[in-house]
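Colleague: Take this structure first; my questions come after.
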Amino acid sequence: MFSLPIQLLWGPPFYMILSSLALNQFKLFYSLLARLLTIKSNNPIWSAFEPALRHQQTFFHSIFGDPATFTPTVTHVLLVSLMLVLIVNLGGLRR
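If you're matching positions, the sequence shown starts at 121 in the numbering used here and goes up one per residue.
Written as structure tokens, this is what we have:
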């Protein structure tokens, strides 16, 4: 698709920008999940999913801490960038 020098020049910044956007989306999802679990609802569908979501929120809280204070660091960005590179490149090898 693109030549190798262009990929080497623009690839790493592209993946870092993409990973920082993904981490910000995760932060929004994490804070939304914590906020939704504080609201009481009598909806039977919500009652069915609430225990699983509460367990997920507890798991996230044990790893990342409080959702209000979670801020992605450079280490997070680099690790997500590495995961994106592996997913993209290994996806191309599967075909």
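Positions of the beta carbon are idealized from the N, C-alpha and C atoms, including for glycine. Predicted, not measured: the structure shown is a model, and the values here were computed from it.
For the alpha helix (DSSP H) that Ser139 lies in, which residues bound it at each end?
Modeller: Residues Leu124 to Leu156.
Colleague: What does the alpha-carbon distance come out to for the pair Gly211 and Trp166?
Modeller: 36 Å
Colleague: Can you give me the start and stop residues for the alpha helix (DSSP H) that Thr178 sits inside?
Modeller: Pro164 to Phe184
Colleague: If contacts are defined as beta-carbon pairs under 8 Å, then Leu206 and Gln177 qualify, I think. What distance do you get, rounded to the angstrom?
Modeller: The Cβ separation is near 28 Å, so there is no contact.
Colleague: Please go through the same chain and pick out, in chain order, the residues whose beta-carbon is closer than 7 Å to the beta-carbon of Tyr135, but skip the five residues on each side of it.
Modeller: If we look at Tyr135 and ignore the five residues flanking it on each side, its Cβ neighbours are Ser201, Leu204 and Val205.
Colleague: Can the beta-carbon of Tyr150 be found closer than 7 Å to that of Phe169?
Modeller: no
Colleague: Can you tell me which of the three DSSP states Thr191 falls into?
Modeller: If DSSP states are grouped into helix, strand and coil, Thr191 belongs with coil.
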